[in-house]
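Student: If you scroll down you'll find the structure; I have some questions about it.
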Amino acid sequence: MKISTLVGRYFIALSLSLTVFTSIAQTAPGLKFRNPVLINGTAGREGAEYKFSNVYTAVDGTVVNAIVKVKKLVNGATLVNIDETSTGYSDAWQPVVGGPTTKGTTSYIEWEIRFHKTNGDDYTIPQFVLSAVDVDGDNVRMREFIGTGDATNYTVPGIINSLLNIAPVTTTAGLITRSMGPIVNRTDIDTSSLDVAIAFNFTNTKKFKLVTGAYADPLGGNGSAAGNRFNSVYFKPITATYSLLPVKYSFFNAAAVNKTAVLNWATEIEINHDHFEVERSFDQSSFSTVGYVLDGIKDAYSTNYAFKDNSNELKGQTVAYYRLKQVDVDGRAHYSEVRKVKFSEEGVTVTTYPNPFTENVTINFNTDVAGTAEVRIVALNGTISGKKSFEVEKGNNTITIDQLSKLNTGVYILHTVVNGKVIDSRKLLKK
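Position in the sequence shown (first residue = 1) + 318 = our numbering.
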């Protein structure tokens with residue numbers, strides 16, 4: 319784990335939850351940003367203010383709201399959507415910011431976030447963490463960035479080379495530490511993409527400024543670029559390393575196979591280790607033990623472990639979160655990072671290709687139910703850009719949406735609906 323002090327104090331972030339092992343993060347609460355309401359100004363314009371209610375409840379019962387203000391739209395930046403909820407994470411604030419794609423241009427929104435009690439009085443939150451995941455690009459020339467001048471420090475993963483360019487820059491928000499991602503695009507919003515992850519720690523904060531935007535790299539490609547950038551600002555700790563002494567992890571993976579969660583992990587070092595407990599949550603805050611793993615398979619370099627969860631509690635769930643509780647021989651416990659597992663409903667599994675796409679998208683179904691299906695391609699502003707309905711049979715089904723070459727370059731959300739239920743949503747990139 320690498321921890322750095324910020325220039326002038328700084329912040330910013332995009333999505334997700336793992337677990338940072340610093341004194342701040344161990345006691346920092348998680349904040350929930352849901353259902354914004356416009357309370358002042360014109361939506362999407364400078365001066366617009368949005369209220370996120372009940373983002374935090376203090377130990378004394380005080381309920382805290384957050385007011386998010388569009389301070390400035392800089393160099394052609396636009397607010398496409400204040401909070402995109404069709405993908406990503408329900409507790410994250412997920413604004414979509416648009417801007418020009420001409421090489422050498424930089425555009426961004428300067429935000430101001432304030433914390434208030436329900437009576438309107440200012441409120442100071444003692445400690446919180448903003449986690450940034452998926453600070454990436456569009457595979458052509460766009461590079462997302464986020465920055466602040468108000469955080470205490472930032473943390474980046476120490477077990478993998480970061481692709482982020484972190485440097486002090488002067489903006490309309492003053493001197494900030496800016497974290498700029500690469501041109502390369504990471505599919506979906508994924509906490510396992512540690513090379514484009516960063517976390518920012520705040521102390522005693524009632525108001526802070528944030529910058530989110532994109533840079534069109536002159537050294538990038540000449541094709542159509544994605545000017546609309548999807549941000550996932552997650553107010554929870556993330557982990558920056560797999561190294562949790564007395565156990566050092568080689569990897570920890572989790573995936574869905576139909577309605578079964580399959581977990582695999584390996585350790586390089588085990589000191590005073592006794593056993594693992596597998597914990598599961600459906601809301602990322604309340605975890606419970608679903609199984610124990612006592613022994614693994616050893617080879618010359620590591621010890622490999624596996625666990626499958628196909629319990630009845632998974633029925634009707636589309637997402638579950640898993641973590642490992644490693645217990646020492648003396649009873650002390652250490653927790654791994656959290657892994658997200660997405661399930662398809664009603665025994666349906668879905669794959670899509672190509673991604674990024676140019677003219678068409680093919681969706682492949684492997685289902686144990688028959689019925690009616692519909693696939694929709696939706697722009698980040700909510701506009702349906704393409705859709706197709708068809709009948710599915712038990713087994714393998716394939717459908718292609720074509721004639722998409724006229725769509726604007728950018729990020730879209732593909733929704734798959736089977737028998738009236740949305741069973742899969744994922745991010746697509748139009749080149």
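Every residue, glycine too, gets a C-beta built ideally from N, C-alpha and C.
Computed from a predicted model, the values in this text were never measured in an experiment.
By how many angstroms is the C-alpha of residue 426 removed from the C-alpha of residue 638?
Tutor: Here the question's residue 638 lines up with position 320 in the sequence shown. Here the question's residue 426 lines up with position 108 in the sequence shown. Distance between the alpha carbons of residue 638 and residue 426 is about 34 Å.
Student: On the CB-based measure, 16 or more other CB atoms within 10 Å of its CB, does residue 642 come out buried or exposed?
Tutor: Within the sequence shown, residue 642 is the residue found at index 324, counting from 1. Classification of residue 642: buried, given that the 10 Å Cβ count is 16 or more.
Student: Unbroken beta strand (DSSP E) runs of length 3 or more, entirely within the stretch 428-515: which are they?
Tutor: Taking only runs of at least 3 residues, the beta strand (DSSP E) segments lying wholly in the stretch 428-515 are 443-450, 460-466, 471-474, 483-489, 492-498.
Student: Tell me whether residue 588 sits in a helix, a strand or coil according to DSSP, three-state version.
Tutor: Translated into the one-based positions of the sequence shown, residue 588 becomes position 270. Note: residue 588 maps to strand in three-state DSSP.
Student: Could you spell out where the beta strand (DSSP E) holding residue 372 opens and where it closes?
Tutor: As a working mapping, residue 372 is identified with position 54 in the sequence shown. Looking at the DSSP string, the run of the beta strand (DSSP E) that includes residue 372 is 367-375.
Student: Expressed to the nearest angstrom, what Euclidean distance is found between the alpha-carbon atoms of residue 746 and residue 590?
Tutor: Looking up residue 746 in the sequence shown gives position 428. Looking up residue 590 in the sequence shown gives position 272. Answer to the nearest angstrom: the Cα atoms are 46 Å apart.
Student: Using beta-carbon positions only, say whether residue 598 and residue 608 come within less than 8 Å of one another.
Tutor: Translated into positions along the sequence shown, residue 598 becomes position 280. Translated into positions along the sequence shown, residue 608 becomes position 290. Closer than 8 Å, so yes.
Student: If residue 399 sits next to residue 699, beta carbons under 8 Å apart, how far is it from one beta carbon to the other, in whole angstroms?
Tutor: The residue labelled residue 399 in the question sits at position 81 within the sequence shown. The residue labelled residue 699 in the question sits at position 381 within the sequence shown. About 6 Å separates the two Cβ atoms, so the contact holds.
Student: Flag this pair as yes or no: are the beta carbons of residue 640 and residue 668 separated by less than 8 Å?
Tutor: One-based indexing of the sequence shown puts residue 640 at position 322. One-based indexing of the sequence shown puts residue 668 at position 350. Their beta carbons are not under 8 Å apart, which means residue 640 does not touch residue 668 by this criterion.
Student: Just verifying my parser: in three-state terms, what is the DSSP assignment at residue 722?
Tutor: Counting from one through the sequence shown, the residue named residue 722 turns up at place 404. Looking at residue 722 - three-state DSSP - the assignment turns out to be coil, as it is neither helix nor strand.
Student: Please classify residue 557: is it buried, with 16 or more other beta-carbons within 10 angstroms of its beta-carbon, or exposed?
Tutor: Residue 557 sits at position 239 when you count from the first residue of the sequence shown. Confidence is the limiting factor: at residue 557 the pLDDT is only 49, short of 50, which leaves the residue's position unreliable, though a coordinate-based value still follows. Buried.
Student: Relative to the C-alpha of residue 514, which candidate in 634, 537, 449, 458 has its C-alpha closest?
Tutor: To locate residue 514, count along the sequence shown from 1; it is residue 196. Of the listed residues, the one whose Cα sits closest to residue 514 is 449.
Student: Can you list, in chain order, the residues of its chain whose CB lies under 7 Å from that of residue 585, leaving out five sequence neighbours each side?
Tutor: Taking the first residue of the sequence shown as 1, we reach residue 585 at position 267. Counting only Cβ-Cβ distances below 7 Å, and skipping sequence neighbours, we find 565, 566, 567, 568, 620, 621.
Student: Can you give, in chain order, each stretch of the beta strand (DSSP E) that sits fully within the stretch 668-702 and has at least 3 residues?
Tutor: For the stretch 668-702, whole beta strand (DSSP E) runs of length 3 or above, ordered along the chain, are 679-685, 689-697.
Student: Go ahead and pull the three-state DSSP assignment for residue 612.
Tutor: The residue given as residue 612 occupies position 294 in the sequence shown. Of the three classes helix, strand and coil, the one that applies to residue 612 here is coil, per DSSP.
Student: Once you ignore the five residues that flank residue 394 on each side, which residues in its own chain have a CB closer than 6 Å to its CB?
Tutor: As a working mapping, residue 394 is identified with position 76 in the sequence shown. Correct list, in chain order: 417, 418, 425.
Student: Which partner residues of residue 398 appear in the DSSP bridge assignment?
Tutor: As a first step, residue 398 must be located in the sequence shown, where it is residue number 80. For residue 398, which the question treats as bridged, DSSP gives no partner whatsoever.
Student: For residue 444, collect the residues of the same chain with a Cβ closer than 8 Å to its Cβ; drop the 5 residues on either side in sequence, then sort them by chain order.
Tutor: The residue labelled residue 444 in the question sits at position 126 within the sequence shown. 521, 522, listed in sequence order.
Student: List the whole-angstrom C-beta distance separating residue 690 from residue 712, where the pair is believed to meet the contact cut-off of C-beta under 8 Å.
Tutor: Reading the sequence shown from its first residue, position 372 is the one you call residue 690. Reading the sequence shown from its first residue, position 394 is the one you call residue 712. No, residue 690 and residue 712 are not in contact; Cβ-Cβ is about 14 Å, not under 8 Å.
Student: For the beta strand (DSSP E) holding residue 647, just list the boundary residues, first then last.
Tutor: Taking the sequence shown and counting its residues from 1, the one referred to as residue 647 is at position 329. Run containing residue 647: none; DSSP gives neither H nor E here.
Student: In or out: residue 671 buried (at least 16 other Cβ within 10 Å) or exposed?
Tutor: Here residue 671 is taken as the residue at index 353 of the sequence shown, counted from 1. Label assigned to residue 671: exposed.
Student: For residue 405, tell me which candidate among 749, 719, 743 has the shortest Cα-Cα distance.
Tutor: On the sequence shown, residue 405 is found 87 positions in, with the first residue counted as 1. Residue 405 has its Cα closest to that of 743, out of 749, 719, 743.
Student: Does the beta-carbon distance from residue 352 to residue 385 come in below 8 Å?
Tutor: Here residue 352 is taken as the residue at index 34 of the sequence shown, counted from 1. Here residue 385 is taken as the residue at index 67 of the sequence shown, counted from 1. Not in contact: residue 352 and residue 385 (Cβ atoms no closer than 8 Å).
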